[in-house]
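**Q** What follows is a structure written as structure tokens; I'll ask about it next.
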Amino acid sequence: MSRAAHDTAKQLSEYETYLRTEELLNLQKHPEQMSHHDELQFQVVHQTFELWWKETAHELGAVRRLLQSGDYLEAARLLRRAAQIERLLLHVLAMLETMTPWDFLTIRSGLGHGSGMDSPGFRALLRLSPPLWGAFTQALERAGVSLADLYIQRARHAGLFAVAEGLLDYDEYFQLFRVQHYRLVERTIGPGAVGTGGTPMDVLARTLKDRFYPELWEVRDTLLQRASDR
Numbered sequence: 048m049s050r051a052a053h054d055t056a057k058q059l060s061e062y063e064t065y066l067r068t069e070e071l072l073n074l075q076k077h078p079e080q081m082s083h084h085d086e087l088q089f090q091v092v093h094q095t096f097e098l099w100w101k102e103t104a105h106e107l108g109a110v111r112r113l114l115q116s117g118d119y120l121e122a123a124r125l126l127r128r129a130a131q132i133e134r135l136l137l138h139v140l141a142m143l144e145t146m147t148p149w150d151f152l153t154i155r156s157g158l159g160h161g162s163g164m165d166s167p168g169f170r171a172l173l174r175l176s177p178p179l180w181g182a183f184t185q186a187l188e189r190a191g192v193s194l195a196d197l198y199i200q201r202a203r204h205a206g207l208f209a210v211a212e213g214l215l216d217y218d219e220y221f222q223l224f225r226v227q228h229y230r231l232v233e234r235t236i237g238p239g240a241v242g243t244g245g246t247p248m249d250v251l252a253r254t255l256k257d258r259f260y261p262e263l264w265e266v267r268d269t270l271l272q273r274a275s276d277r
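Start counting the sequence shown at 48; every next residue gets the next number (my numbering).
Take a look at the structure:
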């Protein structure tokens, strides 16, 4: 380490050193590099997404291990955290609505073919979320209970029931994020636009029906039918 770098390091507080704030706050463009005033907000919002999705991926990996080991209450607690992150990101996404369409198009010119679909964090969640269902259904098999009966006899399987509802919460907020993102894009560049990555809006709209755990939604129909048959 050079003497100048050493002197700088000595001046940093323990807080700054632990959180590496000097590096973190230099990951955005400097004012003289920006194409528009709103570019800082655009970068901060998307970098925030990546940080929170990294945390979500961390929690989902733990949830899968906990389901395999049978620690269902802890798995449910971490699922609630993952759902709360997605809920938080709905508010973060809304920050982009403070940009006008013309201002965004100025920033967009610097993105080239960059697309949110290239987000490593988002892609990680698309990869890590579906396997949780396999771990959950294996837990149901070990407990000797069907999904419908889990809901009917929830007091007998409180941990697994909490996991089921945690998975549903996570799935729901992920869907809400997709819907809000779609509306944001529609509001910003129009319903007939093609995204920077070449994705037409109608193709993006099809993803709004995607669910990680459709069985958790469909079991409501089963419960309704059972209640009607009584």
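Even for Gly, the Cβ is constructed at its ideal location relative to N, Cα and C.
1) Nearest to Asp-216 by alpha carbon, out of Gly-237, Leu-126, Val-241?
2) Return the chain-ordered list of same chain residues with a C-beta closer than 7 Å to the C-beta of Glu-133, the five sequence neighbours on each side being excluded.
3) So who's on the other strand from Pro-148, going by DSSP bridges?
4) Give me, in chain order, the residues of the same chain whose beta-carbon lies closer than 7 Å to that of Leu-176; leave out the 5 immediate sequence neighbours on both sides.
5) Using three-state DSSP, classify Gly-238 as helix, strand or coil.
6) Alpha carbon to alpha carbon, how far is Gln-200 from Leu-194?
7) By a C-beta neighbour count over all protein chains shown, 10 Å radius and 16 as the cutoff for buried, is Leu-71 buried or exposed?
8) Looking only at C-alpha atoms, which of Gln-131, Ser-275, Ile-236 sits nearest to Ile-154?
9) For Pro-177, which of helix, strand or coil comes out of DSSP?
10) Which partner residues of Pro-167 appear in the DSSP bridge assignment?
11) State the CB to CB distance for the pair Val-226 and Leu-255, rounded to an integer number of angstroms; the pair is presumed to be in contact (CB under 8 Å).
12) Take Met-81 and list the residues in its own chain whose beta-carbon comes closer than 7 Å to its own, dropping the five residues that flank it on each side.
13) Going by alpha carbons, who is nearest to Ser-156 out of His-83, Thr-103, Glu-121?
14) Could you check if Ser-162 belongs to the surroundings of the ligand GTP, using beta carbon to heavy atom distance under 7 Å?
15) In chain order, what residues of the same chain have a beta carbon less than 8 Å from the beta carbon of Ala-51, not counting five sequence neighbours either side?
**A** Looking at the coordinates:
1) Leu-126
2) Tyr-217, Tyr-220, Phe-221, Phe-224
3) Bridge partners of Pro-148: none, in fact.
4) A quick correction: the sequence has Ser, not Leu, at residue 176. Here the set comprises Leu-107, Phe-259.
5) Strictly speaking, residue 238 in this sequence is Pro, with Gly absent from that position. Pro-238: coil per DSSP, three-state reduction.
6) 10 Å
7) exposed
8) Ile-236
9) coil
10) When DSSP reads this structure, Pro-167 sits in no beta bridge, so it has no partner.
11) 6 Å
12) Leu-87
13) Of His-83, Thr-103, Glu-121, the residue nearest in Cα terms is His-83.
14) This structure does not include the ligand GTP; it has no bound ligands of any sort.
15) Because Ala-51 carries a pLDDT of 49, less than 50, the predicted location of this residue cannot be relied on, and no value is offered for it.
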